[in-house]
Structures are given as C-alpha cells and as structure tokens.
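Here the structure is laid out as structure tokens; the discussion comes afterwards.
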Amino acid sequence: LLGKWDIQSYELKDIKRVRLIRRADGYYAQFCVSIDVVDIQPKTGNEIGLDVGIESFYTDSNGHHEPNPQFLRKAEKSIKHSQRRIYKKRKGSSGRKKARKLYAKKHLKGRGEA
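Going by our numbering, the sequence shown opens with residue 1114, and the numbers climb by one from there.
Laid out in structure tokens, this is it:
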C-alpha cells in the first residue's frame, strides 16, 4: 500500500470499502475510511474569488493566474518514441510485451498518475 497514512491505525469497522485497481505499474488498493472532519485553520475573514477557465487553470480575484498543467504535452515525445518501438516488434514476442509495458508506464506518467 502506497500512501501517506498507515492503514493499521484505523479500526476494522472504520474501513467502509476496499477497491483493487490494476495499472501499468502494478496493483493498488484504495480504502474508503470514515473519519471526522475537523477544521484546524483559524478564520481570517478574508475572501477570495476563483475563476476556473480554459486559458489558465484558475484566476483569483487578486489577479494571480495559474497556467494550465500540460503533463501529456511535455511527455508526448517519449510516448511517441515508445509507441514506435512497439510497431517495430513482431506480434506475440516477449520484446513486444516489454515495449507495451513501457508504453503504458509512460502514459501513466503523462497523465500525472505515476
């Protein structure tokens, strides 16, 4: 289990649901846990407005623009290269299986999941 919290610290009755996920880089287990939400941030009284758009990821009322994250566009070159390596292999070979696995891992990285 990869994550920030230790699942051993929760009681068995607090775990509501378990979901098994298979991705290119392995298997993952997601645990749905019931917790009590406590707001630890003090109230400042300041308000801010956010606008989510196409040209920028968000714009706040103070005028700050956050650019769109483009993980896939940055990773496209390596994805295209790994895709070409698949096409050069013979169907059914172990080299093609390895190339497909590498291609799937690059797609995960491009999507921001790995």
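We put the beta carbon where it would ideally sit given N, CA and C, even for glycine.
For residue j and residue i, the rounded distance between their alpha carbons
i, j, result
"His1220", "Tyr1200", "16 Å"
"Thr1172", "Lys1190", "30 Å"
"Tyr1123", "His1194", "45 Å"
"His1177", "Lys1204", "51 Å"
"Gly1208", "Val1165", "44 Å"
"Ala1212", "Glu1160", "51 Å"
"Gln1196", "Ser1206", "16 Å"
"Ile1192", "Lys1156", "46 Å"
"Lys1214", "Lys1202", "13 Å"
"Tyr1141", "Pro1182", "25 Å"
"Gln1143", "Gln1121", "14 Å"
Contact belief for residue i with residue j at Cβ below 8 Å, rounded distance in angstroms
i, j, result
"Gly1162", "Ser1174", "4 Å"
"Asp1119", "Ser1147", "Contact doesn't hold; Cβ gap of about 16 Å is too wide."
8 Å Cβ cutoff, residue i in contact with chain D
i, result
"Leu1125", "Any reference to chain D falls outside this structure, which holds one protein chain only."
Near the ligand GDP: residue i beta-carbon under 7 Å from a heavy atom
i, result
"Ala1142", "Summarising the ligand content, the structure contains no ligands, and the ligand GDP is consequently not present."
Three-way DSSP call (helix, strand, coil) for residue i in this model
i, result
"Leu1115", "Residue placement at Leu1115 is flagged as unreliable, the pLDDT there being 48, under the threshold of 50; the coordinate-derived value follows with that caveat. In this structure, Leu1115 counts as coil in the three-state DSSP scheme."
Below 8 Å, can you find three or more Cβ-Cβ pairs linking the stretch 1184-1199 to the stretch 1145-1154? Touching, no, given that fewer than three Cβ pairs across the two stretches are closer than 8 Å.
Enumerate, from N- to C-terminal direction, the unbroken alpha helix (DSSP H) stretches of 4 or more residues contained entirely within the stretch 1139-1226. The qualifying runs are 1184-1200, 1207-1224.
Is the number of C-beta pairs between the stretch 1130-1140 and the stretch 1204-1223 that are closer than 8 Å three or more? For the pair of segments examined, the stretch 1130-1140 was found to touch the stretch 1204-1223: the number of CB pairs separated by less than 8 Å reaches three.
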